[in-house]
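For the sequence shown, the residue numbers in the numbering used here are 5 to 295. The structure under discussion appears below in the form of structure tokens.
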Amino acid sequence: MAVQAGKAALAAADVGVDHVRWLVHAGIGPQGSQGWPVHHYIQNGIVGCHGNALEMKQNCAGGLTSWLLAARLLDDAGYSLCTGADNWSWTDRFVNSRTVGGEPLSDVSYATVISREAGFAKLMGSGTASYPAVADDWRIHEKYWENTNADDFHRAYARATEARSLDSMRQSFRMFLCAIRAALADAKLSPQYVTHFVPQGSDSGQPFQSLANLIGLPWAQELHQHNLDHGYLGVSTQADGLIWLAQTGSLRADSIVLLLAVEYELSATAIVLRLLRAPRVSTDGIIQVIA
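Right, dumping it as structure tokens:
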């Protein structure tokens, strides 16, 4: 799926494979068998031997963070291609999305083309923050040579969430605030200029709705419902949110979009985009494209 999405993204951007300098792939959970360099498999499927590839390991925040990394890897010429895969679904994400917030392993891929040349949006600013003290809470098992299965992950998820203290939750909330405020400061924007806020998904919308209310960001209940309807996404959340906004006609020239991605509530990346024009929306079978 990531190969399909990558090819569609390059075609929509009218970019030849020989102009791609970097491919950065992010995924959730096992991306195939242990030791398989999935990023080079995807590179070979999309651009062949052109450029180079690497894999971003940051769980649900990996997709948005890869955009930031890919932008900084570029020199004055060439393009980066970011791909993501929320695949290897274990159970029914449509059921889970309405009860516990969904499955971190879904069955969606996305791709984004990034360059220093003008597209439909410009990266205005970014911010990151982390709370690594809770990283060990998410250690799934000691058998590092084995892939994680559904039971392994569910046990770790239950253990980590049940053991969280109120102070730990406050620390994560402050971390989200820090990333958002850093991105707005980098973009030299006040919150009232943000027209759209695309956070990570959750079953109730929290803590992201509280973040929006505290900072003064717009909260879209329709976007939250869209997230519930398709099931929880990880690395594809922000790309899917942009596509939904484009499909609903919400994105126009000079729209300001703040994207927030979080990883197990122990890291966060925020990016501010300014729309240079309304993106074109197209569909080819199961592939949706904005360009």
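Think of the CB as a built atom: it goes at the ideal place given N, C-alpha and C, for glycine as much as any other residue.
If you follow the beta strand (DSSP E) that residue i is part of, which residue opens it and which one closes it?
i	result
A57	56–60
E267	260–267
Y83	83–90
I291	291–294
V202	200–202
V285	285–288
I275	271–279
V24	24–31
With residue i and residue j assumed to form a contact (beta carbons below 8 Å), what rounded beta-carbon distance in angstroms separates them?
i	j	result
G205	T165	Not confirmed; about 16 Å, so no contact.
I294	V285	5 Å
A30	G123	Actually they are not in contact, since the Cβ atoms of A30 and G123 sit about 20 Å apart, beyond 8 Å.
V261	H200	5 Å
V24	H54	5 Å
L181	L215	7 Å
A115	L68	Actually they are not in contact, since the Cβ atoms of A115 and L68 sit about 14 Å apart, beyond 8 Å.
R256	A282	5 Å
G131	A187	4 Å
S169	E269	About 12 Å separates the two Cβ atoms, so there is no contact after all.
A162	A272	Actually they are not in contact, since the Cβ atoms of A162 and A272 sit about 23 Å apart, beyond 8 Å.
G49	V21	Not a contact, Cβ separation roughly 11 Å.
G10	I46	7 Å
A12	D288	7 Å
Tell me which residues share the same chain as residue i and place their Cβ nearer than 6 Å to its Cβ, disregarding the 5 neighbours each side in the sequence.
i	result
G105	In this prediction, G105 has a pLDDT of 47, which is less than 50 and means its spatial position is unreliable; nothing more can be read from the coordinates.
R278	K126, M128, I260
L14	none
Need the endpoints of the alpha helix (DSSP H) that residue i sits in, please.
i	result
L181	170–191
K11	6–17
I219	212–219
T69	66–77
V42	42–50
Going by beta carbon distance, what residues of the same chain come within less than 8 Å of residue i, once the five residues before and after it are set aside?
i	result
W248	L227, H230
D80	R120
Can you give me the Cβ contacts of residue i inside the same chain, cut-off strictly under 7 Å, excluding the 5 residues immediately before and after it?
i	result
N56	W26
L58	V28, H43
G195	The amino acid at residue 195 is misidentified as Gly; the sequence shows Pro. The residues are L188, I219, G220, L221.
Q213	W223
V19	Y83, V117
Next on the checklist: When you compare the segment 228–238 with the segment 142–157, are there three or more beta-carbon pairs, one atom per stretch, that lie closer than 8 Å?
Outcome noted: no
Checklist entry - Can we say the segment 67–78 touches the segment 111–126, given the rule of at least three CB pairs closer than 8 Å? => result yes
Checklist entry - Do the segment 254–265 and the segment 198–216 touch if we need at least three Cβ pairs shorter than 8 Å? => result yes
Checklist entry - Are the segment 36–50 and the segment 132–140 touching, with three or more C-beta to C-beta distances below 8 Å? => result no
Next on the checklist: At 4 residues or longer, what runs of the alpha helix (DSSP H) sit wholly inside the segment 225–249?
Outcome noted: 225–234
Checklist entry - What residue ranges within the segment 104–156 form continuous beta strand (DSSP E) runs of no fewer than 3 residues, ordered along the chain? => result 112–119, 125–134
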